[in-house]
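K.L.:
Before I ask anything, let me first share the structure, which is written out below as structure tokens.
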């Protein structure tokens with residue numbers, strides 16, 4: 467299950483808490499038609515001076531029968547009061563599979579809120595660690611790890627109407643200090659990196675565009691998002707469409723549902739996914 471909708475999910479979380487600024491603990495699980503499974507546990511904790519502490523852990527297992535891959539991620543973050551005209555923060559995130567590909571990310575966050583508009587800027591710095599499969603090559607010529615440095619910038623703009631509708635646009639771009647696209651072009655690298663490393667590297671983004679529409683109805687929130695992601699390694703585009711619904715079950719419990727599909731360019735290899743979760747606020 468793709469993790470590419472994180473920015474939209476955070477935006478929804480802030481909007482949903484705008485009245486009370488309560489702390490929220492949420493769990494969500496899901497899967498797709500190919501047998502992949504994922505679980506997320508998120509904490510948005512009300513801290514000193516209306517600031518927020520964020521923590522998240524995620525687990526994903528691919529549905530590949532020949533080479534299933536399990537990745538894990540951990541995120542720790544901080545935000546100043548999200549209801550102020552200017553809110554700033556920072557995230558530390560670790561993602562990947564040990565002995566294959568691991569990333570460590572430092573991300574800065576700045577949100578500027580006006581009466582009907584919100585502008586979000588998120589520069590980030592990443593270290594990507596590629597583990598080599600030294601058993602399959604001559605050891606004296608093989609370093610156990612290869613590092614790549616990456617910088618990125620994401621920009622989102624959201625518009626809140628006086629009615630139940632809200633809209634969001636997003637754009638992100640990433641740069642790498644080495645030619646990671648060679649992982650797809652150089653066949654000899656199959657003897658240096660494992661199949662898991664090469665498969666995970668295909669998900670490294672070059673750029674991303676997204677659109678989201680939100681509709682509030684009583685205690686319920688509907689949203690639809692469309693996302694296009696271009697791989698830096700393969701140059702292929704993937705498209706993700708997601709429909710989400712959440713509603714209050716009680717004063718403290720909230721139900722979350724999602725369904726969508728992911729396709730490659732020209733509509734190839736469509737995959738349907740779905741998930742459900744619960745959020746507890748206090």
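Numbering (my numbering), first residue to last: 467 to 748. Quick reminder that beta carbons are idealized off the backbone N, C-alpha and C, glycines included. A quick note: this is a predicted structure, and the numbers were derived from the prediction, not measured.
#1: Three or more C-beta pairs under 8 Å: does that hold for the region 630-646 against the region 531-549?
#2: When you compare only the Cα positions, how much space is there between residue 577 and residue 634?
#3: Fully enclosed by the region 646-725, which alpha helix (DSSP H) runs are 4 residues long or longer?
#4: Which residues mark the beginning and the end of the beta strand (DSSP E) in which residue 526 is found?
#5: Which class does residue 732 belong to by DSSP, given the choice of helix, strand or coil?
#6: Does residue 501 come out as helix, strand or coil in the three-state DSSP assignment?
#7: So what does DSSP say about residue 629, is it helix, strand or coil?
#8: Could you round the C-beta distance between residue 611 and residue 594 to whole angstroms and report it? I think they count as a contact, below 8 Å.
#9: Compare the C-alpha of residue 706 against each of 716, 698 and 694 and name the closest.
#10: Measure the C-alpha to C-alpha separation of residue 525 and residue 630 and round it to an integer number of angstroms.
#11: Taking contact to mean 3 or more Cβ pairs, one atom from each stretch, closer than 8 Å, check whether the region 581-598 and the region 617-630 are in contact.
#12: Please report how far the alpha carbon of residue 483 lies from the alpha carbon of residue 720, in whole angstroms.
#13: Taking the continuous beta strand (DSSP E) assigned at residue 515, which residues delimit it?
#14: Report buried or exposed for residue 701, applying the criterion of at least 16 other Cβ atoms within 10 angstroms of its Cβ.
#15: Looking at the structure shown, is residue 582 part of a helix, part of a strand, or coil, going by DSSP?
#16: In whole angstroms, give me the CA-to-CA distance for residue 669 and residue 637.
#17: If you draw a straight line from the C-alpha of residue 529 to the C-alpha of residue 735, how long is it?
#18: Can you tell me whether DSSP reads residue 488 as helix, strand or coil?
P.N.:
From the atom records:
#1: no
#2: 13 Å
#3: 648-651 and 661-667
#4: 518-527
#5: helix
#6: coil
#7: coil
#8: Not quite, the Cβ-Cβ distance comes to about 10 Å (not below 8 Å), so this is no contact.
#9: 694
#10: 34 Å
#11: yes
#12: Below a pLDDT of 50, predicted positions are generally treated as unreliable, and residue 483, at 43, falls in that range; no measurement from the model is reported.
#13: Careful: residue 515 lies outside any beta strand (DSSP E) and carries neither H nor E.
#14: exposed
#15: coil
#16: 17 Å
#17: 14 Å
#18: coil
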